[in-house]
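Enquirer: Using our numbering, the final residue of the sequence shown is 175, and nothing's skipped along the way. Virtual Cβ for every residue (Gly too), placed ideally from N, Cα, C. Just dropping this structure here.
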Amino acid sequence: MTTTLAVPSGVELARLGERRTWVRDLTIIGGLSGALAPAAVGMMPPGYVFLAGLFGAGSGAVVGWLASSMLSSARVRRWPVAGLLVGGIGLGALWGAMTGLGAALGLGPFGGGGLALLFLSALLAAVAGALQLGWFWLPYAILRARGGRTWPLVLFASLLAPGLGWAALGAFSLVLGH
């Protein structure tokens, strides 16, 4: 037996897929996560932190639009919850990678530190994005479908933003075995 995201009527469906709210909330979370995650780790210059916040907000708007578009599709709403969770992780990784790549490229040719910094920035930001959106988007969608207030969840995601940099570094070091 698989569980799907149940959307009982057209009213909830309209709330679930309302793009401007998804775009607004993921822009906020993306901007804060993009800036606060590397700032908390303290290894990147202020220009990178600023650009990561800027790219995080911009790519958050794109991800908000994509997520709301996906959930407005009847076919996607019938996916099993496990599929939706994996989709959120993948979309979050894409979101983070766009943020990290944009911030590193903004520092100059090849991110100001060669291809290694460019790759590392995109990879660590992809892990952070997967962590953030991976846990966030399904509870957010459920709250939207039920007409609940989403601002506490957005606030909680924003408060978690500084820890994302450390979590990404920890996950990366676990994979490398260090």
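Taking just the CA atoms, how far does LEU120 sit from ALA113?
Expert: Sequence index remark: in the sequence shown, residue 113 carries index 116 (1-based). Sequence index remark: in the sequence shown, residue 120 carries index 123 (1-based). Their backbone Cα atoms lie some 10 Å apart in a straight line.
Enquirer: Between the alpha carbons of MET40 and ALA142, how many angstroms are there, rounded?
Expert: Against the sequence shown, residue 40 aligns to sequence position 43. Against the sequence shown, residue 142 aligns to sequence position 145. If I take the Cα positions, the gap works out to 40 Å.
Enquirer: To the nearest angstrom, report how far apart LEU140 and ARG146 are at their CA atoms.
Expert: The count along the sequence shown starts at 1 and reaches residue 140 at position 143. The count along the sequence shown starts at 1 and reaches residue 146 at position 149. Between LEU140 and ARG146, the C-alpha separation is close to 7 Å.
Enquirer: Enumerate, from N- to C-terminal direction, the unbroken beta strand (DSSP E) stretches of 3 or more residues contained entirely within the stretch 81 to 108.
Expert: DSSP runs (the beta strand (DSSP E)) wholly in the stretch 81 to 108: none.
Enquirer: Could you spell out the range, first to last residue, of the alpha helix (DSSP H) harbouring MET67?
Expert: Along the sequence shown, one-based indexing puts residue 67 at 70. Residues 43 to 68.
Enquirer: For GLY99, which residues of its own chain have a beta-carbon under 7 Å away from its beta-carbon, when the five flanking residues on both sides are left out?
Expert: Against the sequence shown, residue 99 aligns to sequence position 102. So the qualifying residues of the chain are LEU48 and PHE52.
Enquirer: Taking buried to mean at least 16 other C-beta atoms within 10 Å of its own C-beta, is PRO5 buried or exposed?
Expert: Taking the first residue of the sequence shown as 1, we reach residue 5 at position 8. A caution first: PRO5 carries a pLDDT of 46, below 50, which makes its placement in the model too unreliable to give a value.
Enquirer: Label GLY28 either buried or exposed according to how many other C-beta atoms from any shown protein chain fall within 10 Å of its C-beta, with 16 as the threshold for buried.
Expert: The residue labelled residue 28 in the question sits at position 31 within the sequence shown. Buried, by the Cβ-count rule.
Enquirer: Does ALA79 pass the burial test, meaning 16 or more other C-beta atoms within 10 Å, or should it be called exposed?
Expert: As a working mapping, residue 79 is identified with position 82 in the sequence shown. Result: exposed.
Enquirer: Can you list, in chain order, the residues of its chain with a C-beta nearer than 6 Å to that of GLU9? Leave out the 5 residues immediately preceding and following it.
Expert: Residue mapping note: residue 9 aligns to position 12 of the sequence shown, counting from 1. Since pLDDT at GLU9 reaches only 46, below the 50 mark, its modelled position is unreliable, and the value read off the structure follows with that caveat. So the qualifying residues of the chain are ALA142.
Enquirer: Can you give the Cα-Cα distance for LEU166 and LEU157, rounded to whole angstroms?
Expert: Numbered from its first residue, the sequence shown carries residue 166 at position 169. Numbered from its first residue, the sequence shown carries residue 157 at position 160. About 15 Å.
Enquirer: Let me confirm a value: SER170 is counted as buried when at least 16 other C-beta atoms fall within 10 Å, else exposed. Which label applies?
Expert: Position 173 of the sequence shown, counted from the start, is the residue given in the question as residue 170. Its Cβ having fewer than 16 others within 10 Å, SER170 is exposed.
Enquirer: If you draw a straight line from the C-alpha of VAL168 to the C-alpha of LEU68, how long is it?
Expert: Sequence index remark: in the sequence shown, residue 168 carries index 171 (1-based). Sequence index remark: in the sequence shown, residue 68 carries index 71 (1-based). According to the sequence shown, residue 168 is Ala rather than Val. So the two alpha carbons sit approximately 29 Å from each other.
Enquirer: Given this structure, state the Cα-to-Cα distance separating ALA94 from ALA123, to the nearest angstrom.
Expert: Along the sequence shown, read from residue 1 onward, the residue named residue 94 stands at position 97. Along the sequence shown, read from residue 1 onward, the residue named residue 123 stands at position 126. Using only the alpha carbons, I get a separation of about 4 Å.
Enquirer: Can you tell me whether SER66 is buried or exposed, with buried defined as 16 or more other CB within 10 angstroms of its CB?
Expert: Along the sequence shown, one-based indexing puts residue 66 at 69. Its Cβ having fewer than 16 others within 10 Å, SER66 is exposed.
Enquirer: Between the alpha carbons of GLN129 and VAL83, how many angstroms are there, rounded?
Expert: Working through the sequence shown from its first residue, we reach residue 129 at position 132. Working through the sequence shown from its first residue, we reach residue 83 at position 86. When rounded, the distance between both Cα atoms is 13 Å.
Enquirer: Assign THR147 to one of three DSSP states: helix, strand, or coil.
Expert: Residue 147 sits at position 150 when you count from the first residue of the sequence shown. Reduced to three states, the DSSP call for THR147 is coil.
Enquirer: With a threshold of 16 other CB atoms inside 10 Å of the CB of PRO183, please say whether the residue is buried or exposed.
Expert: It is not possible to answer for residue 183, since the shown part of the chain is limited to -2 through 175.
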